[in-house]
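One structure is given here, and the rest of the page talks about it.
Residue numbers (UniProt numbering): 1 to 543.
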């Protein structure tokens, strides 16, 4: 009978423990990154009433229950909430941010981050966020950049700034032991990168272009006969396409000029037919001297192949930030060779005033398939620096080719130079790989740092330290990074920027559990009073 009293007392204590846990969950329902706790219980122990015998059941009496532990519901993702802070981060999946107070390392899912007075990335509690830092090199900005920095922050006299050394938007996270504090300088600067290469891609239109032309006909292309008695000239010939005459057509006009010994001229004309044949039979004037055979010159008004010419202009950036201009003229050589098109190339570099700095000439040779077979114009001088002119590398048949081509398709040439003008920090933002990216005024983007994402074999074994941070324990095991097949550290989840993970407490569940706990508490309390009444009845038996 006395055991029932103590069972009831243990039940009251256990339900009080449960109430504490669920009330704590509700109190933290708006706490960023808070992970709900779930109370777990166990029986205290059992007393065996009778030893084992023929009875198929074990005769045991329980001696109450007690609160065992609180499990952490890391299995459930908290709702994500958008914010205006570019440094707020939420983990979409498993994992923890690493933070340190300078001595000990802790772990949290609360990604409400900002910068302190020294521009280090910190939590709301002032702990430093851990990650991999891009090497920041101190540089002296140009005068224009210094003035721009002054407009951003008039309270700071800027004479030095930092440049991210690694030109990347995705840093390697490194090993777990190499993680450190993350610094986000206010003044980041990218010096001008002078142009070292100009790349051309696309197609040069090699289709046949023609233009009107008057071309001479050789004496071998026609026959002539002059009848002195009748003063008549008879001419007959045939025009065929050759290197000079591109495409003779019906109606092209043949003109023959005859000149006598006295310099007097007579001109006769006739069109060619569909087969290129023509003939003339006309009389000379009486004053035309036929004592000696006149000089005959024949010509045709037709079309000839025109030399296609394309001009391109692009800027070249100098180390001091000034700009020069590259002009490239490509002229298709006519007539075309039997092995493919040839374009004569002439490049000129001019300064801002238009004065010529240098000239260079060469040619581009294309195969019958239109792909580049070779180039003799590979570079040009720009104030002492050689600018590489990249038209693409020759490629064998079947290989992928991305350089300049020369086919009968329309012209479509793109030009890209690798120079970049100077830029200053415009803003920070993060991506789903955990990189904190700096966007510059020149359009360039650099990763300044990458936050680390830690994992544990047993998340339930983490020790709660308050402020939504945890420390590793013997139960959780040591923190580790996920690795790919090559041993490189990788993320096991995505990072949402401008986002916070809210508490994963389910209010409906919590309120329901409180009601159940209250009823269980009442029931256990009732078992105490009932046991008391039964004992009282037993005592009264003596009376």
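Don't be surprised by glycine CBs; every beta carbon is placed ideally from N, CA and C.
Source: prediction; values computed, not measured.
Buried/exposed call for residue i, threshold 16 Cβ in 10 Å
i: residue 322; result: exposed
i: residue 480; result: exposed
i: residue 30; result: exposed
i: residue 35; result: buried
i: residue 269; result: exposed
i: residue 177; result: exposed
i: residue 486; result: exposed
i: residue 111; result: buried
i: residue 537; result: exposed
i: residue 347; result: buried
i: residue 505; result: buried
i: residue 349; result: buried
i: residue 274; result: exposed
Three-state class that DSSP yields for residue i in the structure shown
i: residue 308; result: coil
i: residue 367; result: coil
i: residue 540; result: helix
i: residue 77; result: coil
i: residue 40; result: strand
i: residue 222; result: strand
i: residue 520; result: helix
i: residue 233; result: strand
i: residue 167; result: coil
i: residue 193; result: strand
i: residue 103; result: coil
i: residue 351; result: coil
i: residue 282; result: strand
i: residue 174; result: coil
i: residue 260; result: coil
i: residue 249; result: coil
i: residue 63; result: With a pLDDT of only 44 at residue 63, under the threshold of 50, the placement of this residue in the model should not be trusted; the figure read from the coordinates follows. Residue 63: coil per DSSP, three-state reduction.
i: residue 200; result: strand
i: residue 21; result: helix
i: residue 15; result: helix
i: residue 548; result: The requested residue 548 is not part of the displayed model; the chain covers only 1 to 543.
i: residue 378; result: coil
i: residue 47; result: Any reading at residue 47 must be qualified, since the residue scores a pLDDT of 43, below 50, and its modelled position is unreliable; the value itself is stated next. It is a strand residue.
Nonlocal neighbours in the same chain, by C-beta distance under 6 Å from residue i, ignoring five residues either side
i: residue 141; result: 161 and 189
i: residue 476; result: 456, 458, 461 and 462
i: residue 392; result: 372, 403 and 404
i: residue 187; result: 149, 158 and 161
i: residue 530; result: none
i: residue 26; result: 510
Nearest to residue i (by Cα), restricted to the options the options
i: residue 502; options: 317, 417, 148 and 89; result: 89
i: residue 101; options: 236, 216 and 125; result: 125
i: residue 232; options: 498, 289 and 240; result: 289
i: residue 292; options: 228, 257, 335 and 269; result: 228
i: residue 261; options: 429, 427 and 287; result: 287
i: residue 150; options: 112, 424 and 393; result: 424
i: residue 181; options: 103, 442, 382 and 384; result: 103
i: residue 202; options: 234, 408 and 489; result: 408
i: residue 132; options: 450, 527 and 496; result: 450
i: residue 174; options: 514, 508, 275 and 491; result: 491
i: residue 311; options: 411, 171 and 454; result: 411
i: residue 544; options: 14, 77 and 226; result: Since the first and last residues shown for the chain are 1 and 543, residue 544 lies out of range.
i: residue 234; options: 282, 139, 271 and 465; result: 282
i: residue 452; options: 466, 464, 532 and 433; result: 433
i: residue 277; options: 221, 384 and 316; result: 221
i: residue 249; options: 285, 302, 360 and 541; result: 302
i: residue 84; options: 328, 496, 251 and 263; result: 496
Beta-carbon contacts of residue i that lie in its chain and below 7 Å, excluding the five residues immediately before and after
i: residue 314; result: 198, 326, 415 and 417
i: residue 296; result: 224, 256 and 258
i: residue 99; result: 106, 108, 123, 127, 128, 129, 130 and 469
i: residue 341; result: 206, 332, 366 and 406
i: residue 564; result: There is no way to answer for residue 564, as the model of the chain reaches only from 1 to 543.
i: residue 148; result: 424
Cβ shell of residue i (< 8 Å), same chain only, five flanking positions each side left out
i: residue 217; result: 237, 239, 254, 298, 299 and 300
i: residue 428; result: 86, 87, 184, 436, 437, 438, 439 and 448
i: residue 265; result: 257, 258 and 259
i: residue 146; result: 158 and 159
i: residue 444; result: 190, 420 and 423
i: residue 139; result: 160, 161, 162, 163, 189 and 191
In DSSP terms, what residue i is bridged to
i: residue 491; result: Paired residue(s): none; residue 491 is not in a bridge.
i: residue 343; result: 332 and 364
i: residue 509; result: Paired residues: none, contrary to the question.
i: residue 437; result: 429 and 447
i: residue 288; result: Paired residues: none, contrary to the question.
i: residue 122; result: 114 and 128
The ligand MG heavy atom lying under 7 Å from the CB of residue i
i: residue 159; result: You won't find the ligand MG in this model; it holds no ligand whatsoever.
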